[in-house]
Amino acid sequence: MKLAEALILRSDLQKKIQELRFRLRNVIKIQEGEEAAENPSDLFREVNGVLEQFESLVQKINRTNSQTEYGEGMTITDALARREKLQLKRSVLSDVMDTASIRYDRSSRTEIKFITTVDISALQKQVDELAKEHRTLDTRIQELNWTTELIESS
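Here it is, written out as structure tokens:
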């Protein structure tokens, strides 16, 4: 199985767990005299089974990511951490730019005047560079996901 297929399966298992959670919520309390649509014990067994599959799969994904070379002296795990850092930095800079761009109109000279203390143009260039680096990194990660075999055992 390719790493990308394992990631898709992980997402499917997460959705299944959410579905089972919803189904459990619907049967753990019922009106007196009514009968539950499903047996909670059966649902708990199913949840436990899906969680076991999920744990095993995530262990394999993590093992594969930590042992697969991304390039530039990094593993996929390292590249994922860098990608997350780039997303966070881009988010912070975008938030700063949005705040700095807000204009306050004054109706008289006695009202408080606000000035911007950062160079919005320079921040925009940084955001653009971060976006480009993120795209490049993400494209390579996706490529590796589709070409890397999942490591089944330690």
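Note that numbering that gives the first Met the number 0 numbers the sequence shown so that position 97 is 96, with each residue one more than the last.
For glycine and all other residues, C-beta sits at the position ideal for the given N, C-alpha and C.
Since the structure is predicted, the reported quantities are computational estimates derived from the model, not experimental observations.
Residue i (DSSP reduced to helix, strand or coil)
| i | result |
| --- | --- |
| E4 | helix |
| T116 | coil |
| I140 | helix |
| K28 | coil |
| I16 | helix |
Element boundaries [alpha helix (DSSP H), containing residue i]
| i | result |
| --- | --- |
| G32 | Run containing G32: none; DSSP gives neither H nor E here. |
| E68 | Segment 68-70 is the beta strand (DSSP E) holding E68; no alpha helix (DSSP H) there. |
Assigned exposure category for residue i - 16 Cβ within 10 Å defines buried
| i | result |
| --- | --- |
| L143 | buried |
| N64 | buried |
| I60 | buried |
| T67 | buried |
| I111 | exposed |
| L87 | exposed |
Identified DSSP bridge partners for residue i
| i | result |
| --- | --- |
| E148 | K1 |
* Where are the beta strand (DSSP E) runs, 3 residues long or more, that stay fully inside the segment 39-109, in chain order? -> With a minimum length of 3 residues, the continuous beta strand (DSSP E) runs that stay inside the segment 39-109 are 68-70.
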